[in-house]
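Okay, structure first, notes after.
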Amino acid sequence: MEITITRSTFEVLVKDLIEGTKVSVENALKDAKFDVKDIDEIILVGGMTRMPYVQKFIKDIFKKEPNKSVNPDECVATGAAIQGSIMTGDMGRDVVLIDVTPLTLGVEVKGGLIEPIIERNTPIPVKKSKIFTTG
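Numbered by this note's numbering, the letters in the sequence shown go through residues 141 to 275 in order.
Laid out in structure tokens, this is it:
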């Protein structure tokens, strides 16, 4: 099937996905203990950042024009190559890659609550334990 859609139709279709990333941006700032005014520059990477809607979305959050000077696809590929080189040890000892668990891991307890065991952004590997009893 082949279909042609306008930019505005496409933007309506992806609007919820793009605007849903605002929480991730806010969480990243909070985790880093930064405010939007602390950010000097925003570099857009990834193919979707070519969309004017995405660029406006970022500009509205950070109140500044994003940097579009890098090729968004090449930047992602370069980052993946660097990470692969670090993981295989080919990068040398000057670069350290710290992986973290992206989400809090825990156990569901009485009342549907979650008892966290490993907090998000904890460097891995990690080993933690908690004692639970039956009620």
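We put the beta carbon where it would ideally sit given N, CA and C, even for glycine.
7 Å Cβ cutoff met for Phe197 and Ile158: Here the question's residue 197 lines up with position 57 in the sequence shown. Here the question's residue 158 lines up with position 18 in the sequence shown. Yes, Cβ-Cβ distance for Phe197 and Ile158 is below 7 Å.
Residue range of the beta strand (DSSP E) that Gly246 falls in? Residue 246 sits at position 106 when you count from the first residue of the sequence shown. In the DSSP assignment, Gly246 falls within the unbroken beta strand (DSSP E) covering 245-248.
For Glu181, collect the residues of the same chain with a Cβ closer than 7 Å to its Cβ; drop the 5 residues on either side in sequence, then sort them by chain order. Translated into positions along the sequence shown, residue 181 becomes position 41. Closer than 7 Å at the Cβ level, and outside the excluded window around Glu181, lie Asn207.
Counted within 10 angstroms of its Cβ, other Cβ atoms place Ile244 as buried (16 or more) or exposed: By 1-based counting over the sequence shown, the position of residue 244 is 104. Going by the sequence as given, residue 244 is Thr instead of Ile. Exposed, by the Cβ-count rule.
Could you tell me the distance, in whole angstroms, from the CA atom of Val163 to the CA atom of Lys155? Position 23 of the sequence shown, counted from the start, is the residue given in the question as residue 163. Position 15 of the sequence shown, counted from the start, is the residue given in the question as residue 155. In a straight line, the C-alpha of Val163 is about 14 Å away from that of Lys155.
Coarse secondary structure for Ile198, derived from DSSP in three states: Within the sequence shown, the letter at position 58 stands for residue 198. In the structure shown, Ile198 sits in a helix (DSSP, three-state: H, G or I).
Quick check on Glu166: does DSSP put it in helix, strand or coil? Counted from its first residue, the sequence shown places residue 166 at position 26. If DSSP states are grouped into helix, strand and coil, Glu166 belongs with the helices.
Per the DSSP calculation, Val176 is bridged to which residue(s)? Here residue 176 is taken as the residue at index 36 of the sequence shown, counted from 1. In the DSSP output, where bridge partners are listed per residue, Val176 has none listed.
Assign Val194 to one of two classes, buried (16 or more other C-beta atoms within 10 Å of its C-beta) or exposed (fewer than that). Residue mapping note: residue 194 aligns to position 54 of the sequence shown, counting from 1. Burial check for Val194: the Cβ neighbour count within 10 Å reaches 16 or more, so the residue is buried.
Can you give me the start and stop residues for the beta strand (DSSP E) that Glu255 sits inside? On the sequence shown, residue 255 is found 115 positions in, with the first residue counted as 1. In the DSSP assignment, Glu255 falls within the beta strand (DSSP E) that extends over 254-258.
For Ile264, which residues in the same chain have their Cβ closer than 8 Å to its Cβ, ignoring the five residues on either side in sequence? The residue you call residue 264 lines up with position 124 of the sequence shown. Same-chain partners within the cutoff: Asp239, Val240, Thr241.
Taking the alpha-carbon positions, what's the Glu142 to Gly187 distance? Residue 142 sits at position 2 when you count from the first residue of the sequence shown. Residue 187 sits at position 47 when you count from the first residue of the sequence shown. The alpha-carbon separation between Glu142 and Gly187 amounts to approximately 21 Å.
My output table needs one value for Val236: the three-state DSSP class, helix, strand or coil. Locating residue 236 in the sequence shown gives position 96, where the first residue counts as 1. Three-state DSSP puts Val236 in coil, outside helix and strand.
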